[in-house]
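Below you'll find the structure, written out as structure tokens, and then a few comments.
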Amino acid sequence: ATVQATEEAVVNAMVAAETMTGINDRTVVALPHDKLHEVLKKYNRLAK
Numbered sequence: 328a329t330v331q332a333t334e335e336a337v338v339n340a341m342v343a344a345e346t347m348t349g350i351n352d353r354t355v356v357a358l359p360h361d362k363l364h365e366v367l368k369k370y371n372r373l374a375k
């Protein structure tokens with residue numbers, strides 16, 4: 328159960344992430360949800 332909970336937390340963080348700019352104008356871009364969905368599907372990580 329611990330592994331599943333950790334995996335779900337990581338996926339939730341990837342989905343919830345937003346593009347943001349921090350110190351020294353460093354920008355981190357959010358993951359595109361369609362690409363994330365493709366990768367999760369490719370590796371059978373989507374809920375059935």
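Note that the numbering used here gives residue 375 to position 48 of the sequence shown, counting from 1, and the numbers run on in steps of one. The beta carbon of each residue, even a glycine, is placed where N, CA and C say it ideally should be.
7 Å CB neighbourhood of residue i in its chain, flanking five on each side removed
i	result
GLN331	none
LYS362	none
C-alpha distance - residue i paired with residue j, whole-angstrom precision
i	j	result
LEU367	THR348	27 Å
ILE350	ASN339	25 Å
TYR370	ASP352	34 Å
C-beta contact flag for residue i and residue j at 9 Å
i	j	result
HIS360	VAL337	no
ALA344	ALA328	no
Contact set for residue i: own chain, Cβ-Cβ below 8 Å, skip 5 residues either direction
i	result
GLU334	ARG372
HIS364	LEU373
Endpoints, the alpha helix (DSSP H) within which residue i is located
i	result
ASP361	360-369
ASN339	329-343
Same chain, Cβ closer than 6 Å to residue i, five either side skipped, listed in chain order
i	result
THR400	Because the chain here runs from 328 to 375, residue 400 falls outside it and cannot be looked at.
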